Structure formats: structure tokens, C-alpha cells
Amino acid sequence: ELRARSAVRAPIKLMLAIGLAVVAGYADALCIHRYGCFAAMQTGNMIYSALAFTRLGTHESLYHLFPLVCNFFGAAVIGGTGVFRPWAIAPIVAPLLLLLFLVDDGLGAFGISHRLIVGLPAACLGAQNMLTKEGDLGLMTTLATGSFQRVALTVSKLLFFKPVDRDEALVVAACASVIGGTLVGALAGAVAVHFLGDTWTLAPAAVLQCLCLLGYAYAYEHLPHSPTAHSRAAPEERDDRTEP
Numbered sequence: 082e083l084r085a086r087s088a089v090r091a092p093i094k095l096m097l098a099i100g101l102a103v104v105a106g107y108a109d110a111l112c113i114h115r116y117g118c119f120a121a122m123q124t125g126n127m128i129y130s131a132l133a134f135t136r137l138g139t140h141e142s143l144y145h146l147f148p149l150v151c152n153f154f155g156a157a158v159i160g161g162t163g164v165f166r167p168w169a170i171a172p173i174v175a176p177l178l179l180l181l182f183l184v185d186d187g188l189g190a191f192g193i194s195h196r197l198i199v200g201l202p203a204a205c206l207g208a209q210n211m212l213t214k215e216g217d218l219g220l221m222t223t224l225a226t227g228s229f230q231r232v233a234l235t236v237s238k239l240l241f242f243k244p245v246d247r248d249e250a251l252v253v254a255a256c257a258s259v260i261g262g263t264l265v266g267a268l269a270g271a272v273a274v275h276f277l278g279d280t281w282t283l284a285p286a287a288v289l290q291c292l293c294l295l296g297y298a299y300a301y302e303h304l305p306h307s308p309t310a311h312s313r314a315a316p317e318e319r320d321d322r323t324e325p
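With positions in the sequence shown counted from 1, the corresponding number in my numbering is that position plus 81.
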């Protein structure tokens, strides 16, 4: 039964992982161009902050920590809402993240440009990563480093003739899809910046993220779930009336 459930969910999980990884790569490429910092990759912002502190002073150093704070807020507040109330993803979380992305683009279209606007996409991607890592997908879609490590672990098993079962192969395929999706998204973002400039270039990422999250919500409601992921995502919904 569990193997059948996994077979049903694996293609959906893979498609959502690819789509959301493309969003993260695309948004980071645009935010580096627009604001000089990352919206998703917070390790990069911490390194930028340290370099800025030694070269440019405290003000510039703190600026690079601002998207980190916004990313944390998005993960804790918006993403947490979806993790612990999965039914809220379609009516609340997905439209809210779409709105935040479009506000960023809209402000730029009307000539309102400030570096702190990077906090909007940073919050969106923090929420996305919380939903995909702690929710039913169980994957980080805004950080390729962890996916590289997971793929490398399985490759090392193969090099030393260790067995790799079907479930692990599915996990590695999903991690590889995150890596590839991030790269494709970053390339698409670079192309968009080069040919389209700064006007409404975040909108495609906003729409794709919204569609993927709606697909996530549909999968949660209508497809069989991994018992472990379901109990982690919504602990208050478990039946606690079982005998000890």
C-alpha cells in the first residue's frame, strides 16, 4: 500500500519541486541584479554582509541582513500557516505570496525603487521553503546545497557498492530536479534581465509559484499522503484517541 501511494505521489512531488526550484533560481537572479543581494540564498547574504562590514561599514552590512530577516519572517509566519493549516494554502498563502511578488514588480513599474523592497520576494521564498521542507513534499526548494549533498551521498553508496532502494532513488531524483530547476530558473532570470530589463520581470515567478502552491494544496487534499509527512505537517489533526 505504501509503495502504491509513493508511486502516485512521486510524479506530482517531482513536478512541484522543479517548478518551485525554478522560481527560487529566477527570483535570486533578478534580485541580485535589482538589489545586489539574494532573496532565497541567505548564506550568500551573510557572506555579503561580512564583506560589506569590513569594506563599506555597518550600514551596508546591515542591509544585506535585511532580506535574511524577511526570509525568516516569511518562513515563520506565512509558511508556518501553510504547514500547520494546510487547507489555508489555496485560499490564503498562495494568493498572498502572489500579491507580494506583484507588489515588488508594481513598485518598480511606477518608478518606486528602493533596495529594501527585496524584503518582499525574500519573505515569499522563505514561506515557500518552509512549506516544501516541513510540509508534505519534504524538500528544500530554495537551497541547492542540501540537494547536492543528498545526491552525493547516494553516489558515494554506488561507488562503494552499497544498495540503493527505490525510495532513496525517488528522493535523489527529487533533489536532482531541485538542482536542475534552480539552474534553469537562474538562467531564465538572467535572460529576462538582459532582454526585458526590470519591468514586471518577477511576475512570471509569481504566477509559477502560485500555480505550484495551488497544486501542492490540491495534492494534499485529494491524493494519498505519506503518514510521516502528514503527521509532521498537521499534528493537531491526528487521532489521539488510540489506546496507550
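A virtual CB, placed ideally from N, CA and C, is assigned to each residue, including glycine. Here the structure is a predicted model, which is why all the values come from computation and not from measurement.
Whole-angstrom C-beta distance between residue j and residue i, which should lie under 8 Å
| i | j | result |
| --- | --- | --- |
| Thr-213 | Leu-220 | 5 Å |
| Cys-293 | Leu-97 | 5 Å |
| Thr-263 | Ala-105 | 6 Å |
| Cys-205 | Phe-182 | 6 Å |
| Gly-216 | Val-103 | That belief does not hold up - the Cβ atoms of Gly-216 and Val-103 are roughly 19 Å apart, past 8 Å. |
| Asp-185 | Ile-198 | 6 Å |
| Gly-200 | Phe-147 | 6 Å |
6 Å CB neighbourhood of residue i in its chain, flanking five on each side removed
| i | result |
| --- | --- |
| Ile-260 | Ala-225, Ser-228 |
| Ala-269 | Tyr-107 |
| Arg-231 | Cys-256 |
| Leu-149 | Gln-123, Asn-126 |
| Arg-136 | none |
Residue i versus residue j - alpha carbon distance
| i | j | result |
| --- | --- | --- |
| Ala-190 | Ala-120 | 19 Å |
| Gly-163 | Gly-207 | 12 Å |
| Cys-112 | Phe-276 | 16 Å |
| Ala-133 | Pro-202 | 22 Å |
| Met-127 | Tyr-144 | 10 Å |
| Pro-331 | Thr-223 | With the chain covering only 82 through 325, there is no way to say anything about residue 331. |
| Leu-283 | Val-174 | 18 Å |
| Val-252 | Ala-171 | 26 Å |
| Lys-238 | Gly-100 | 28 Å |
| Pro-92 | Asp-246 | 17 Å |
| Gly-161 | Gly-138 | 34 Å |
| Pro-176 | Leu-295 | 9 Å |
| Glu-302 | Phe-154 | 26 Å |
| Ser-258 | Leu-234 | 16 Å |
Proximity winner among the options, relative to residue i (alpha-carbon distances)
| i | options | result |
| --- | --- | --- |
| Ala-250 | Phe-241, Val-236, Leu-240 | Val-236 |
| Val-158 | Gln-209, Leu-179, Cys-112, Leu-289 | Gln-209 |
| Gly-278 | Arg-115, Ile-99, Ala-102, Gly-100 | Arg-115 |
| Asn-152 | Thr-280, Arg-136, Met-211 | Met-211 |
| Ala-272 | Ile-99, Gly-100, Pro-92, Asp-109 | Looking at the sequence provided, one finds Val at residue 272 rather than Ala. Of the listed residues, the one whose Cα sits closest to Val-272 is Asp-109. |
| Tyr-299 | Val-274, Ala-169, Ala-233, Ser-258 | Ala-169 |
| His-140 | Ala-233, Thr-280, Arg-196 | Arg-196 |
| Leu-336 | Tyr-297, Trp-281, Leu-218 | The displayed coordinates of the chain run from 82 to 325. Any statement about residue 336 would go beyond what the structure contains. |
| Tyr-297 | Leu-218, Val-274, Ser-258 | Leu-218 |
Sequence-distant residues of the same chain with beta carbon closer than 7 Å to residue i, five excluded per side
| i | result |
| --- | --- |
| Ala-254 | Leu-95 |
| Pro-244 | none |
| Cys-118 | Cys-112, Asn-126, Tyr-129, His-145, Pro-148, Val-199 |
Close beta carbons around residue i, own chain, < 8 Å, minus the five adjacent residues each side
| i | result |
| --- | --- |
| Ala-131 | Ser-142 |
| Leu-179 | Ala-287, Val-288, Gln-290, Cys-291 |
As assigned by DSSP and simplified to three states, the class of residue i
| i | result |
| --- | --- |
| Trp-281 | coil |
| Ser-194 | coil |
| Arg-322 | Low per-residue confidence applies at Arg-322: pLDDT is 38, beneath 50, and the placement is therefore not dependable enough to give any value. |
| Met-221 | coil |
| Lys-94 | helix |
Proximity test, Cβ basis, 8 Å: residue i and chain C
| i | result |
| --- | --- |
| Phe-241 | Going by chain labels, chain C is absent from the structure shown, which holds only one protein chain. |
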